[in-house]
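Counting with this note's numbering, you get residues 13 to 420 for the letters of the sequence shown.
Cβ atoms here follow ideal geometry from the backbone N, Cα and C, with glycine treated the same way.
These notes concern the structure reproduced below.
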Amino acid sequence: MAEFTMELNDEQKEVRDWLHGFAADVIRPAAAEWDEREETPWPVIQEAAKVGIYSLDFYAQQYFDQTGLGIPMAMEELFWGDAGIALSIVGTGLAAVGVLANGTEEQIGTWVPQMYGDANDVKLAAFCSSEPDAGSDVASMRTRAVYDEAKDEWVINGTKTWATNGGIANVHVVVAVVDPELGSKGHASFIIPPNTPGLAQGQKFKKHGIRASHTAEVILDHVRVPGSCLLGGKEKLDERLARARERAKAGGERVKNAAMATFEASRPAVGAMAVGTARAAYEVALDYAMTREQFGRPIIDNQGVAFQLAEMRTQIDAARLLVWRASWMAINGKPFTAAEGSMSKLFASETSKKVTAQAIQILGGNGYTREYPVERMHRDSAIYTIFEGTSEIQRLVIARTLSGMPIR
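Next comes the structure, spelled out in structure tokens:
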């Protein structure tokens with residue numbers, strides 16, 4: 013087990029600087045254009061694939077970094093460039109995490125490479141959990157998967173929403189109900205292969221922020237997938253459902269479902285995204301405050317501005333500490349006994365919203381225009397307190413973990 017450290021090693025520093033250079037030279041110059049177009053930035057994704065950033069090898073290298081700092085370091089640098097474009101680059105990773113967390117070795121080897129493709133033929137993946145009537149309340153999920161034993165196939169029906177890359181992805185990972193009586197414990201995750209009949213894109217959403225990232229509904233109408241597309245396999249699912257039924261009868265401990273396992277693994281990464289956006293806004297505000305003059309002196313000489321910047325930097329560093337701690341704990345198998353993963357996302361996402369708002373205030377009227385990037389950064393930061401569990405849900409998870417109450 014790697015010791016927890018706040019010091020990146022030489023290899024990590026080299027990767028960080030490489031990512032920062034890509035974010036500065038490729039992502040940032042394209043950010044305003046793709047925000048206005050509200051379209052998937054394919055040219056930027058292809059550039060990321062050419063240099064090796066959008067690839068299974070790079071993602072795996074960071075994901076399995078035993079210090080736990082690979083993924084949060086990468087997310088911070090890419091989202092420092094621009095949140096919408098960065099999410100288009102890393103959005104496939106959530107589906108990949110779903111397979112890595114719940115799939116067999118064969119499933120991982122078969123499907124994760126197909127989620128990325130290669131530099132000459134870029135692919136995308138989508139993780140589909142939320143529904144129109146089931147966002148934070150996963151127990152209300154209605155998408156149903158029924159096993160056809162005669163054909164060894166699963167038949168899936170339902171509607172998913174808020175899916176990053178939904179409908180345009182090559183591979184979809186869909187969470188569905190297999191045993192309605194067990195609530196959230198009766199869920200399972202399924203791979204939907206490319207060009208599977210019955211899967212279609214529904215509404216594409218026009219969003220407040222992260223507008224370069226494609227977000228849409230996914231419609232599943234009698235979608236049939238082979239039994240091998242059930243993540244983890246049927247034997248493992250049957251064992252898990254049997255344990256859940258026994259514990260339900262006995263009123264025992266909860267059983268973690270596949271969607272919750274994916275979210276727990278990814279929440280510190282979302283916190284790192286928020287840190288990147290907050291840091292970007294802080295740096296713009298600091299530079300502006302040091303160069304903008306009013307009453308014959310830089311505005312940073314005014315205590316009101318200086319103290320805001322001091323608070324912004326302190327909160328960003330504190331958020332990064334929480335994210336890195338949770339990431340280190342996760343990779344080293346340390347349980348989140350105090351919901352440390354949720355803590356990191358909660359604090360970092362709220363920090364991003366606050367810091368980007370303060371950046372607008374420091375820039376004044378300029379900050380409110382699209383001539384300066386902090387306006388876009390503030391719009392982008394709003395999503396961090398919403399997706400993969402709202403701030404309210406994070407507080408609930410933390411409180412129930414501390415009290416020992418069940419998290420449904």
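(request) Within its chain, find whatever has a CB closer than 6 Å to the CB of Ala-131; leave out the 5 residues flanking it on each side and keep chain order. (result) Ala-61 and Lys-62
(message) If distances are taken between C-alpha atoms only, which option among Gln-306, Ile-311 and Gln-24 comes closest to Asp-77?
(response) Gln-24
(message) Can you list, in chain order, the residues of its chain with a C-beta nearer than 8 Å to that of Ala-43? Leave out the 5 residues immediately preceding and following it.
(response) Gly-93, Asp-94, Gly-96, Ile-97, Ala-224, Pro-385 and Arg-388
(message) Pull the bridge partners of Lys-165 from the DSSP assignment, please.
(response) Looking at the sequence itself, residue 165 is Glu, so the reference to Lys does not match. According to DSSP, which records beta bridges pairwise, Glu-165 is partnered with Asp-160 and Pro-238.
(message) I'd like the span of the alpha helix (DSSP H) that includes Ala-411, first residue to last.
(response) 403-415
(request) Between the Cα of Asp-250 and those of Ala-292, Asp-191 and Lys-218, spot the shortest distance and give me the residue it belongs to. (result) Asp-191
(request) Report back the beta-carbon spacing between Gly-195 and Ala-394 to the nearest angstrom; my notes put them in contact at under 8 Å. (result) About 30 Å separates the two Cβ atoms, so there is no contact after all.
(message) Going by C-alpha to C-alpha distance, which of Glu-50, Glu-247 and Ala-286 sits closest to Lys-365?
(response) Ala-286
(message) Using DSSP's beta-bridge definition, name the partner residues of Gln-213.
(response) Val-230
(message) Taking the beta strand (DSSP E) that Ile-203 belongs to, which residues open and close that run?
(response) 199-204
(message) Within 10 Å of its beta-carbon, does Phe-348 have 16 or more other beta-carbons around it, so buried, or fewer, so exposed?
(response) buried
(message) Could you compute how far the alpha carbon of Trp-166 sits from the alpha carbon of Lys-357?
(response) 35 Å
(message) For Ala-107 and Val-185, which I take to be in contact (beta-carbon distance under 8 Å), what is that distance rounded to the nearest angstrom?
(response) 4 Å
(request) Within the same chain, show all residues whose beta-carbon is closer than 8 Å to that of Ala-371, passing over the 5 residues directly before and after it, in chain order. (result) Ala-293, Tyr-294, Val-296, Ala-297, Met-324, Gly-379, Val-386, Met-389 and His-390
(request) Determine contact between the stretch 228-246 and the stretch 165-184, defined as no fewer than three beta-carbon pairs at a distance below 8 Å. (result) yes
(message) Just to confirm my understanding: we take Ile-120, look at its own chain, exclude 5 residues before and 5 after, and list those with CB closer than 7 Å. What are they?
(response) Val-111 and Leu-112
(message) On the CB-based measure, 16 or more other CB atoms within 10 Å of its CB, does Ile-405 come out buried or exposed?
(response) buried
(request) Might you give, ordered along the chain, the residues of its own chain that have their beta carbon closer than 7 Å to the beta carbon of Tyr-159, omitting 5 neighbours on each side? (result) Trp-166
(request) Taking Val-185 as part of the alpha helix (DSSP H), name the residues at either end of that continuous run. (result) It is not in any alpha helix (DSSP H) - Val-185 instead sits in the beta strand (DSSP E) that spans 183-189.
(message) For Asn-21, count the other beta carbons within 10 Å of its own beta carbon; 16 or more makes it buried, fewer makes it exposed. Which is it?
(response) exposed
(message) Let me confirm a value: Gln-320 is counted as buried when at least 16 other C-beta atoms fall within 10 Å, else exposed. Which label applies?
(response) buried
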